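Quick note: the sequence shown, position 380, residue 366 per my numbering, numbers continuous. For every residue, glycine included, the Cβ atom is placed at its ideal position computed from N, Cα and C. Since the structure is predicted, the reported quantities are computational estimates derived from the model, not experimental observations.
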Amino acid sequence: METEFWQRDIELMSRADLEAFQLGCLKKTLKLAAHSPFYSNILTESVIDSIRTLDDIRRLPLVDKQTLRDNFPYGFLAKPMTEIVRLHSSSGTTGTPTVVFHTQHDLDLWANMTARSAFMAGARPDDVFQNIMGYGLFTGGLGFHYGMEKLGALVIPSAAGNSKRQIWFMQTFGTTVCHILPSYSMRLLSFFPECGIRPKDLKLRIFFIGAEPHSDALRRQIEEAFGVQAFNSYGLSEMCGPGLAFECRERNNGMHLWEDQYLMEIIDPATGEVLPDGEEGELVLTSLQREAMPLIRYRTHDLTRIIPEPCPCGRTHRRIARFKGRSDDMLIINGVNIFPQQIEKAVMSVPEIGAHYIIEVSKENLLDRIHVKVEVNPNSFSGSLDQMDGIRRKVIDALKTELGVNPRVDLVAPNSLPEQEGKAKRVFDLREKDYL
Ligand code: AMP
Ligand code: ZN
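Dropping the structure here:
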């Protein structure tokens, strides 16, 4: 167990004190949220007065990504624009994004959370931190960037991609801690032989891995290959981003969720009913200290359970288990959120395409790969190879524009995809087994 804690007073707070603190924050949050157009009708004075315990929150409505989209862009804004200093968005590339606003206070709290998480995992001011995550709207880059600066580490904002250069940075500046997508870790590995160096010859000691589902087996593989300890990191842009829940040095497949900042519930995704601690369901979060865009009972659609047993590290903030998947159909492709409807929209924008298509997602060369099989419209089907190739290119271009990814596309003859009874199953995620 660590003998030193970065925010000892908060991390070791007794459950009773923590819950009293949460209730105080919740009341402030409700009052603040009432300033936003969306909550102004819901959070009337009498409703706010009726929330006297943490459990009373169950009387308030659940919201989700769709609610955010329906109220895009300013419907949840609780502070005047003059106080807003940044916006971020979820990792999906197109469509109406979910945009999240921050005041300086929100950004400071977020940096505290990432710094606290990193310290918990063992990062210290003398570390060299390489942030191999997309910078920009995606929260993975800037989220950890400011936290690690706060911690006092040397930050290399190397961002995503450019594998040989990543290795060069690691070698030249003696990188000790990396923030990296689990899928990209394995990809990066394949570039080491070309660079004439072995990962274990570097000074690497800690990886923060997250932003996408991954198995404990993959974590162990990463640890073995790089000679590091890898810590699971969970976050979502609607709740700031990474740093929301993080593994401690026990690395027991549970992530401490920072309960001074977020109130968690686990619900039955079908009924919305709150489930007792320990039961698996969908994680629902309420922000407790955010100002710009407080969210109350936000459905993450991520499936997990609260681990009720105390953690041997001594922290009182409860842990959530490794994620089991999602309760909606969102796919996470190499860390980027994609909804099947986006694929459908792109495919259907090509007039020569018929009504049927399927999407297969698999692992290829350690990366996620989308494979779309589409039927040609019977009226446009001539069977000529040239014509088929032209249509195929149109579909690829439409998918590239809509999604920013480069999927494999196969055209098939009209009515050749298997007929399905009932609701069509269009997405076949062949990676699924790997997550459990
Ligand atoms: P974004 O808002 O783009 O950062 O995407 C957030 C989503 O990424 C979450 O709702 C999860 O579905 C997924 N995610 C993030 N971190 C993890 C993790 N450590 N394990 C599993 N899924 C994750
Ligand atoms: Zn712990």
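Do you know offhand how far T(-11)'s Cα is from I166's?
Counting from one through the sequence shown, the residue named residue -11 turns up at place 3. Counting from one through the sequence shown, the residue named residue 166 turns up at place 180. At T(-11), the pLDDT of 38 sits below 50, so the modelled position is not reliable; the number obtained from the coordinates is stated separately. A direct Cα-to-Cα measurement between T(-11) and I166 gives close to 27 Å.
F232 burial status per 10 Å Cβ neighbour count (16 or more: buried)
Your numbering for residue 232 matches position 246 in the sequence shown. Around the Cβ of F232, a 10 Å sphere holds 16 or more other Cβ atoms; the residue is buried.
Can you determine whether any heavy atom of the ligand AMP sits closer than 7 Å to the C-beta of I318, and answer yes or no?
Numbered from its first residue, the sequence shown carries residue 318 at position 332. Checking every heavy atom of the ligand AMP against the Cβ of I318, one is found closer than 7 Å.
Can you tell me whether DSSP reads E(-3) as helix, strand or coil?
Residue mapping note: residue -3 aligns to position 11 of the sequence shown, counting from 1. In the structure shown, E(-3) sits in a helix (DSSP, three-state: H, G or I).
Tell me, which residues are paired with G240 by DSSP?
On the sequence shown, position 254 is the one that residue 240 refers to. According to DSSP, G240 bridges with A307.
Inter-residue spacing [alpha-carbon to alpha-carbon] between A278 and D372:
Counted from its first residue, the sequence shown places residue 278 at position 292. Counted from its first residue, the sequence shown places residue 372 at position 386. Taking the Cα positions, A278 is about 54 Å away from D372.
Close-in-space but distant-in-sequence residues of the same chain around K150 (CB under 8 Å, 5 per side omitted)
Translated into the one-based positions of the sequence shown, residue 150 becomes position 164. Excluding positions up to five away in sequence, the list reads F177, E180 and C181.
Apart from the five residues just before and just after P294, which ones in its own chain have a Cβ nearer than 6 Å to its Cβ?
Your numbering for residue 294 matches position 308 in the sequence shown. Counting only residues of its own chain and dropping the five nearest sequence neighbours on each side, P294 has a CB closer than 6 Å to the CB of D263 and G264.
Ends of the beta strand (DSSP E) at Q215?
Counted from its first residue, the sequence shown places residue 215 at position 229. Looking at the DSSP string, the run of the beta strand (DSSP E) that includes Q215 is Q215 to Y220.
Close Cβ partners of R301 (< 6 Å) along its chain, the five nearest in sequence each way excluded
Within the sequence shown, the letter at position 315 stands for residue 301. Apart from the 5 residues on each side of it in sequence, R301 sits with its Cβ closer than 6 Å to the Cβ of E(-3) and H242 in its chain, given in chain order.
May I ask you to check if the CB of L93 is nearer than 7 Å to at least one heavy atom of the ligand AMP?
For the purposes of this step, residue 93 is taken as the residue at position 107 of the sequence shown. Checking the Cβ of L93 against the ligand AMP gives no.
Which partner residues does H165 have in the DSSP bridge list?
Sequence index remark: in the sequence shown, residue 165 carries index 179 (1-based). In the DSSP assignment, H165 is bridged to N117 and F194.
Closer than 6 Å to the ligand ZN: residues, by C-beta to nearest heavy atom, in chain order
Result (chain order): C234, E236, H242, C297, C299 and R301.
What is the DSSP secondary structure of D92, counted as helix, strand or coil?
Position 106 of the sequence shown holds residue 92. Assigned with DSSP and collapsed to three states, D92 falls in helix.
Out of A211, P143 and T82, state which residue places its alpha-carbon closest to the alpha-carbon of S171.
If you number the sequence shown from 1, residue 171 lands on position 185. When only C-alpha atoms are compared, the closest one is A211.
Note down, in chain order, each residue of its chain lying with its Cβ closer than 8 Å to the Cβ of G369, except the 5 sequence neighbours on either side.
What you label residue 369 is simply residue 383 of the sequence shown in a count that begins at 1. Residues A399 of the same chain have their beta carbon placed closer than 8 Å to that of G369, with the five preceding and five following residues left out of the count.
Put S348 into one of helix, strand or coil per three-state DSSP.
Translated into positions along the sequence shown, residue 348 becomes position 362. Here DSSP, grouped into helix, strand and coil, assigns S348 to strand.
According to the neighbour-count rule (16 or more other Cβ atoms, all chains shown, within 10 Å of its Cβ), is M250 buried or exposed?
Numbered from 1 along the sequence shown, position 264 holds the residue referred to as residue 250. When all chains shown are included, M250 counts as buried.
When the Cα atoms are used, what is the spatial distance from Y421 to T68?
Numbered from its first residue, the sequence shown carries residue 421 at position 435. Numbered from its first residue, the sequence shown carries residue 68 at position 82. In this prediction, Y421 scores a pLDDT of 47, lower than 50, which makes its location untrustworthy; the coordinate-derived value is nonetheless stated afterwards. Going by the C-alpha atoms only, they are around 43 Å apart.
Just to check my reading of the structure: Q316 and H287 have Cβ atoms closer than 8 Å, yes? What is that Cβ distance to the nearest angstrom?
For this step, residue 316 is matched to residue 330 along the sequence shown. For this step, residue 287 is matched to residue 301 along the sequence shown. First, the amino acid is wrong: residue 316 is Met here, not Gln. About 7 Å separates the Cβ atoms of M316 and H287, confirming a contact at the 8 Å cut-off.
Among Y121, H200, K136 and N365, the one whose alpha carbon lies nearest that of A109:
For the purposes of this step, residue 109 is identified with residue 123 of the sequence shown, where counting begins at 1. Check the Cα spacing between A109 and each of Y121, H200, K136 and N365: the tightest is with K136.
Assuming contact is defined by CB atoms lying nearer than 8 Å, are P426 and I195 in contact in what I supplied?
In the structure displayed, the chain extends from -13 to 422; residue 426 sits before or after that span and is not available.
At a cut-off of 7 Å, would you count Y132 as near the ligand NAD, judging by its Cβ distance to the nearest heavy atom?
The model depicted lacks the ligand NAD and carries the ligand AMP and the ligand ZN instead.
Tell me whether Y60 sits in a helix, a strand or coil according to DSSP, three-state version.
Walking along the sequence shown from the start, residue 60 turns up at place 74. The three-state reading of DSSP puts Y60 in coil, since its state is none of H, G, I, E or B.
C-alpha gap between K426 and N238, whole angstroms
With the chain covering only -13 through 422, there is no way to say anything about residue 426.
Within 7 Å: the Cβ of A197 and any heavy atom of the ligand AMP?
Taking the first residue of the sequence shown as 1, we reach residue 197 at position 211. Result yes, Cβ under 7 Å from the ligand AMP.
For L175 and R191, the rounded distance between their alpha carbons:
Reading the sequence shown from its first residue, position 205 is the one you call residue 191. Reading the sequence shown from its first residue, position 189 is the one you call residue 175. The alpha-carbon atoms of R191 and L175 are separated by roughly 15 Å.
Below 7 Å, is the gap between the Cβ of F58 and the nearest heavy atom of the ligand AMP?
For the purposes of this step, residue 58 is taken as residue 72 along the sequence shown, with counting starting at 1. Relative to the ligand AMP, even the nearest heavy atom lies 7 Å or more away from the CB of F58.
State whether the region 5 to 22 contacts the region 36 to 48, with contact taken as three or more CB pairs (one from each stretch) at a distance under 8 Å.
Short answer: they touch.
Does the region 128 to 145 come within contact of the region 99 to 106, defined as at least 3 CB pairs closer than 8 Å?
Contact between the region 128 to 145 and the region 99 to 106 is present: 3 or more CB-CB pairs across the two stretches fall below 8 Å.
Residues near R412 by beta carbon distance below 8 Å, same chain, minus five either side:
Within the sequence shown, numbered from 1, the residue matching residue 412 stands at position 426. So the qualifying residues of the chain are P326, E330, Y343, I344 and I345.
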